[in-house]
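Here the structure comes first, spelled out in structure tokens, and everything after it is commentary.
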Amino acid sequence: PPSPDGTIYPGADENASGVAVMLEIARLWREQGFEPKKTVVFAALDARGDEYLLNHPIFPRQPSDTWLVIEIEGVGAGEQRLSSESLGGLGLPRILEESASRIGVKVNYLGEGRFFFGADPDRHVLADPAYSGLRITRLGDELSGGPLDTLDHLDSELLDEAGRVLDHLLMVLSTQW
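Going letter by letter, the sequence shown gives residues 39 to 215 in the numbering used here.
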């Protein structure tokens, strides 16, 4: 979204990096013929997209359904290790850590957070109890979300590393979880 003065910043890390990782995973799965056992929906949402998705589900839901949201943002610059927050207590941080360790990546768990479906208390959107989630990011990118958040400051190795971790994580979650 634009800043208070209306300026729109480039957004290479925050959040084009997350969208790039998501699209690359979708491309790889198609190219490899990977067929998940669970329904996987890839969606890029804007700042109010979570509220819209909550109020206008794209698929009919049954009371027994479990929805899992993996939010990927700011993974192309910043610290070497990934950071995560979880919502719903389903052991997601442990599964992420196992996927990351297979790739040789460390993960810093930040704890439970209301990062999705209700993170902004002024919006009065409540998290649907059918949703659980995991937010994956990199801390320490001072340029993220500002006028210097351009492709020049992204680290292709960090982006590749995040993509490999998330590809493995999503394959595990969509076949074994």
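For glycine and all other residues, C-beta sits at the position ideal for the given N, C-alpha and C.
These numbers come from a predicted model, not from an experiment.
Distance, residue j Cα to residue i Cα
{"i": "Pro42", "j": "Asp88", "result": "21 Å"}
{"i": "Ser182", "j": "Val57", "result": "15 Å"}
{"i": "Glu73", "j": "Arg132", "result": "24 Å"}
{"i": "His94", "j": "Glu109", "result": "18 Å"}
{"i": "Gly114", "j": "Glu195", "result": "8 Å"}
{"i": "Glu150", "j": "Glu123", "result": "6 Å"}
{"i": "Lys75", "j": "Met209", "result": "9 Å"}
{"i": "Leu197", "j": "Glu117", "result": "12 Å"}
{"i": "Trp215", "j": "Arg140", "result": "17 Å"}
{"i": "Gln70", "j": "Gln100", "result": "31 Å"}
{"i": "Ile96", "j": "Phe80", "result": "12 Å"}
{"i": "Val78", "j": "Ala54", "result": "20 Å"}
{"i": "Ala200", "j": "Gly44", "result": "31 Å"}
{"i": "Ala220", "j": "Leu106", "result": "The question about residue 220 has no answer here: the residues shown for the chain are numbered 39 through 215."}
{"i": "Leu91", "j": "Lys144", "result": "31 Å"}
{"i": "Asp103", "j": "Glu136", "result": "25 Å"}
{"i": "Gly184", "j": "Asp84", "result": "17 Å"}
{"i": "Ala138", "j": "Arg68", "result": "22 Å"}
{"i": "Leu186", "j": "Val59", "result": "21 Å"}
Whole-angstrom C-beta distance between residue j and residue i, which should lie under 8 Å
{"i": "Asp51", "j": "Leu148", "result": "Between Leu148 and Asp51 the Cβ distance is about 18 Å, and since that is not below 8 Å, they are no contact."}
{"i": "Leu125", "j": "Ser170", "result": "6 Å"}
{"i": "Leu211", "j": "Ile174", "result": "Contact flag wrong, Cβ pair sits at about 12 Å."}
{"i": "Pro188", "j": "Pro98", "result": "According to the sequence provided, residue 188 is Thr. The question's Pro does not apply to it. Thr188 to Pro98, Cβ: 41 Å. No contact."}
{"i": "Asp179", "j": "Gly112", "result": "6 Å"}
{"i": "Leu130", "j": "Leu172", "result": "4 Å"}
Delimiting residues of the beta strand (DSSP E) encompassing residue i
{"i": "Thr175", "result": "Tyr169 to Thr175"}
{"i": "Glu111", "result": "Unbroken run through Glu111: none, as it is neither H nor E."}
{"i": "Ser124", "result": "Leu120 to Leu125"}
{"i": "Leu148", "result": "Val145 to Glu150"}
Limits of the unbroken alpha helix (DSSP H) element including residue i
{"i": "Ser194", "result": "Ser194 to Thr213"}
{"i": "Glu135", "result": "Leu130 to Ile141"}
CB contact check: residue i to chain D, cutoff 7 Å
{"i": "Glu195", "result": "Chain labels in this structure do not include chain D; a single protein chain is all it has."}
Legend entry - alpha helix (DSSP H) runs contained entirely in the stretch 54-79, provided each spans 4 or more residues: Counting whole runs of 4 or more residues, the stretch 54-79 contains the alpha helix (DSSP H) stretches 55-70.
Legend entry - Touch test, the stretch 49-68 against the stretch 196-209, Cβ-Cβ under 8 Å, three pairs minimum: Below 8 Å, enough C-beta pairs join the stretch 49-68 and the stretch 196-209 to call them touching: three or more.
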